[in-house]
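S.K.: The structure's right below; bear with me while I get my questions together.
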Amino acid sequence: NPKLKEGLCRDVQDEVELTRWLSQSLTFSNIPEAFMSVLCTGAEHLFFAPGEVVIRRGDKCTLGKTDCYMIVAGMAEVQSEAGVFVDFLKVGDVFGEAGALGLVEERKNTVRARVNGKERCLLHVVSLVGKAVVAACRAFPEVRERLIELFITRSEKNRHMASERKRWLRENVTPLVDHASLFNMCSQSSQSFVEAATESCRLQKFKAGTKIFEVGEEADTMVIVIEGAVELQTKHGEIVGRFGPGASFGEVAVLGLLDIRPSTLRAKTAGKFVELSAEALRSLLQDPQFEDVRDSIDFLRKERREQGNMGLPMCALPLHVNPGDACARMAALTATRLLIPPNSVWHPLPDSCPDGPHLGILSRGRVRLQITGTRRWVTRLSS
182 NPKLKEGLCR
192 DVQDEVELTR
202 WLSQSLTFSN
212 IPEAFMSVLC
222 TGAEHLFFAP
232 GEVVIRRGDK
242 CTLGKTDCYM
252 IVAGMAEVQS
262 EAGVFVDFLK
272 VGDVFGEAGA
282 LGLVEERKNT
292 VRARVNGKER
302 CLLHVVSLVG
312 KAVVAACRAF
322 PEVRERLIEL
332 FITRSEKNRH
342 MASERKRWLR
352 ENVTPLVDHA
362 SLFNMCSQSS
372 QSFVEAATES
382 CRLQKFKAGT
392 KIFEVGEEAD
402 TMVIVIEGAV
412 ELQTKHGEIV
422 GRFGPGASFG
432 EVAVLGLLDI
442 RPSTLRAKTA
452 GKFVELSAEA
462 LRSLLQDPQF
472 EDVRDSIDFL
482 RKERREQGNM
492 GLPMCALPLH
502 VNPGDACARM
512 AALTATRLLI
522 PPNSVWHPLP
532 DSCPDGPHLG
542 ILSRGRVRLQ
552 ITGTRRWVTR
562 LSS
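For the sequence shown, the residue numbers in this note's numbering are 182 to 564.
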C-alpha cells in the first residue's frame with residue numbers, strides 16, 4: 182500500500198495517527214472511527230531484531246489478555262510446525278487477531294522478524310492489547326462479526342495457498358532437494374524426511390547480478406538453485422564455477438561445521454532458489470519419526486570433523502600438505518567419503534552433475550579403472 186509506505190516517514194506514536202494507519206490496512210478498512218479509537222487504547226510500539234520471535238506456535242491464548250499486531254516497518258515470516266515456512270508478512274498486515282478475538286485456544290503459527298541475508302532491518306509492529314480488542318468488540322458486536330468473517334475467509338484462502346504450495350514444491354523442488362548430497366544420503370532411509378525438509382524451505386527469487394550470499398557473511402542456511410544460473414566466486418571476485426538448477430551450497434553451514442561463507446554466490450541470470458536454515462533442520466530432526474535420519478546426520482557431522490582433523494582427502498595426495506592447512510581443512514569439510522566394498526563398482530559422477538565436475542581421491546586401498554561401456558581395464562591404482 183503506497184500510503185502505508187509514505188507513513189514510514191511520519192510519526193505514528195499518537196492515537197490519531199495510529200488510528201489512520203490501522204484504517205488503511207485490509208483488516209480494519211471501513212471500520213467506524215469510534216471502534217478504532219477504543220481499539221488503539223494502550224497500543225504499544227515494539228521492535229524485533231532479525232529472527233526474533235513475535236508470537237510462537239503453541240502459546241496459549243486468553244480472551245482479554247492475548248494481543249494482536251500490525252506491521253509498521255520491515256517484514257516478518259510465518260512458520261508452522263517444525264519451522265515450515267508459510268508466508269511473508271509486510272507493512273500493513275495484521276496478525277494474531279484469532280487469538281485476540283478468542284477464536285483459538287493457542288497460536289497456530291510462529292511469526293518472527295524476517296532474516297534476509299545481509300539486510301538486517303528491525304521489524305516494527307504495533308501491539309493492540311487484548312483488553313482493548315475485547316472492549317471494542319463488546320461495544321461494536323457487528324464489527325466483531327465482520328472481523329470473524331474476514332478471518333475465516335482468509336484462513337480458507339491460506340489453506341488453499343498452502344495446499345498449492347505443497348503440491349508445487351513436491352513436483353518442482355523435492356527432486357532437486359533429493360539430489361543434494363545431504364538429503365540424497367537421507368532419502369535411502371526416509372523419503373518422507375526429504376519431503377518434510379522441502380516444505381521447510383523458503384522460496385526466494387533473485388535478479389541477475391544479485392549477491393545471494395557473500396564471502397565472510399554469517400552462514401546458517403543451505404541454498405539450492407531451482408531456476409536460473411549462478412556463479413561461485415572467491416573473495417577476490419574470481420569465478421570458480423557456474424551452476425544451474427539442482428546445485429546446492431552451504432551444506433557445512435546447516436551441519437554446524439562452518440559459520441561463515443567461504444565464497445560469494447552471485448546470480449548470473451534471474452531465477453529462484455530455496456533456502457533451508459539450520460534451525461529448521463534441527464526442528465525436523467527432533468521428530469521421533471526421523472530418529473534414523475538424525476543418527477545418520479550426526480554420523481556425517483562426526484565424519485566430516487574427522488576428515489577436517491586429518492586433512493583428508495588433500496593429505497592423501499603426494500603434495501606434502503599439512504593437515505592443519507586451512508585449504509585442506511575446508512576441502513575436507515565439503516568432501517564426501519565413499520566406502521567401496523571389495524569387488525563392487527563405483528560410478529564417478531558425470532561432469533554434467535548440477536554441482537559441477539568432481540575429483541575422486543583414493544585415500545586407502547586398491548582399485549582398477551575400466552572404461553565405461555566396455556570390459557577394458559585401463560590401469561590399477563593404490564593409495
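Don't be surprised by glycine CBs; every beta carbon is placed ideally from N, CA and C.
Using 8 Å as the threshold, is the region 214-233 in touch with the region 281-291, meaning 3 or more CB pairs across them?
M.R.: The answer is no - the region 281-291 does not touch the region 214-233, with fewer than three Cβ pairs under 8 Å.
S.K.: Output the distance between the C-alpha atoms of F229 and M495, rounded to the nearest integer angstrom.
M.R.: Answer to the nearest angstrom: the Cα atoms are 45 Å apart.
S.K.: One question on the structure: do D536 and S458 come within less than 8 Å of each other, judged by their Cβ atoms?
M.R.: Cβ atoms of D536 and S458: not closer than 8 Å.
S.K.: Can V404 and I420 be called in contact, C-beta distance under 8 Å?
M.R.: No, these two residues do not count as a Cβ contact at 8 Å.
S.K.: Of the choices V296, T445, P504 and K338, whose alpha-carbon is the least far from that of Q414?
M.R.: For the residues V296, T445, P504 and K338, the minimum Cα distance to Q414 belongs to T445.
S.K.: Tell me whether I236 sits in a helix, a strand or coil according to DSSP, three-state version.
M.R.: Note: I236 maps to strand in three-state DSSP.
S.K.: In the DSSP assignment, find the unbroken beta strand (DSSP E) run with G452 in it and report its ends.
M.R.: It spans G452 to S458 - the beta strand (DSSP E) in which G452 sits, taken as one unbroken run.
S.K.: Can you say whether F480 is buried or exposed, counting buried as having 16 or more other CB atoms within 10 angstroms of its CB?
M.R.: F480 comes out exposed.
S.K.: For A389, is the classification buried or exposed, using 16 other Cβ atoms within 10 angstroms of its Cβ as the cut-off for buried?
M.R.: Counting Cβ neighbours within 10 Å, A389 comes out exposed, since fewer than 16 surround it.
S.K.: My parser needs the beta strand (DSSP E) runs of 3 or more residues fully inside the region 379-457; what are they?
M.R.: Runs of the beta strand (DSSP E) inside the region 379-457: 383-387, 392-394, 402-408, 411-414, 420-424 and 445-448.
S.K.: Relative to the alpha-carbon of R485, which residue among L466, L439, H528 and P529 has its alpha-carbon at the smallest distance?
M.R.: The option with the nearest alpha carbon to R485 is L439.
S.K.: Measuring alpha carbon to alpha carbon, tell me which residue in Q260, E287 and V234 is nearest L244.
M.R.: Out of Q260, E287 and V234, E287 has the C-alpha closest to the C-alpha of L244.
S.K.: Residues bridged to W558 by DSSP?
M.R.: Bridge partners of W558: Q551.
S.K.: Taking S308 as part of the beta strand (DSSP E), name the residues at either end of that continuous run.
M.R.: Element bounds for S308: L304 to L309.
S.K.: Between which two residues does the alpha helix (DSSP H) carrying I333 extend?
M.R.: I333 -> alpha helix (DSSP H) spans P322 to W349.
S.K.: What is the residue span of the beta strand (DSSP E) that R293 lies within?
M.R.: Counting along the chain, the beta strand (DSSP E) containing R293 begins and ends at T291 to A294.
S.K.: Over what stretch of residues does the beta strand (DSSP E) that includes I542 continue unbroken?
M.R.: No beta strand (DSSP E) contains I542, which DSSP labels as neither H nor E.
S.K.: Roughly how many angstroms separate the alpha carbons of V455 and L500, rounded to a whole number?
M.R.: Each residue's Cα considered, the two are about 38 Å apart.
S.K.: Checking 8 Å against the spacing of the C-beta atoms, do A513 and Q488 come in under that value?
M.R.: Yes. Within cutoff.
S.K.: At what residues does the beta strand (DSSP E) containing D268 begin and finish?
M.R.: F266 to L270 is the span of the beta strand (DSSP E), which, as asked, contains D268.
S.K.: So for V259, helix, strand or coil by DSSP?
M.R.: Looking at V259 - three-state DSSP - the assignment turns out to be strand.
S.K.: Go through its chain and collect everything with a Cβ distance to V259's Cβ below 6 Å, but skip five positions before and after it.
M.R.: V267, D268, N290 and V292.
S.K.: If you pair each beta-carbon of the region 231-251 with each one of the region 320-340, do three or more pairs fall below 8 Å?
M.R.: Cβ pair count under 8 Å is below three, so no.
S.K.: Here's a check: name, in chain order, each residue in its chain whose Cβ is nearer than 7 Å to the Cβ of I212, leaving out the five neighbours to either side.
M.R.: Cβ within range, chain order: S204 and V324.
S.K.: Going by DSSP, what residue range makes up the beta strand (DSSP E) through C221?
M.R.: No beta strand (DSSP E) holds C221; DSSP gives it neither H nor E.
S.K.: Entirely within the region 485-514 and at least 4 residues each: give me those alpha helix (DSSP H) ranges in chain order.
M.R.: Entirely contained in the region 485-514, not one alpha helix (DSSP H) run reaches 4 residues.
S.K.: Is DSSP giving L282 helix, strand or coil here?
M.R.: L282: coil per DSSP, three-state reduction.
S.K.: Under the three-state reduction of DSSP, which class applies to A254: helix, strand or coil?
M.R.: A254: strand per DSSP, three-state reduction.
S.K.: Let me know the secondary structure DSSP gives C318 once reduced to three states.
M.R.: Helix at C318.
S.K.: Kindly give me the distance between the Cβ atoms of V354 and C382, rounded to whole angstroms, as I take these residues to be in contact under 8 Å.
M.R.: Right, their Cβ atoms sit about 7 Å apart.
S.K.: For a test of the three-state rule: what should DSSP assign to S204, helix, strand or coil?
M.R.: It is helical.
S.K.: Can the beta-carbon of R549 be found closer than 8 Å to that of R561?
M.R.: Closer than 8 Å, so yes.
S.K.: Take N339 as the anchor and find which of G255, S261, L462 and E233 has the nearest alpha-carbon.
M.R.: The shortest C-alpha separation from N339 is found at S261.
S.K.: Assuming contact is defined by CB atoms lying nearer than 8 Å, are V235 and Y250 in contact in what I supplied?
M.R.: Cβ distance < 8 Å, so V235 and Y250 count as in contact.
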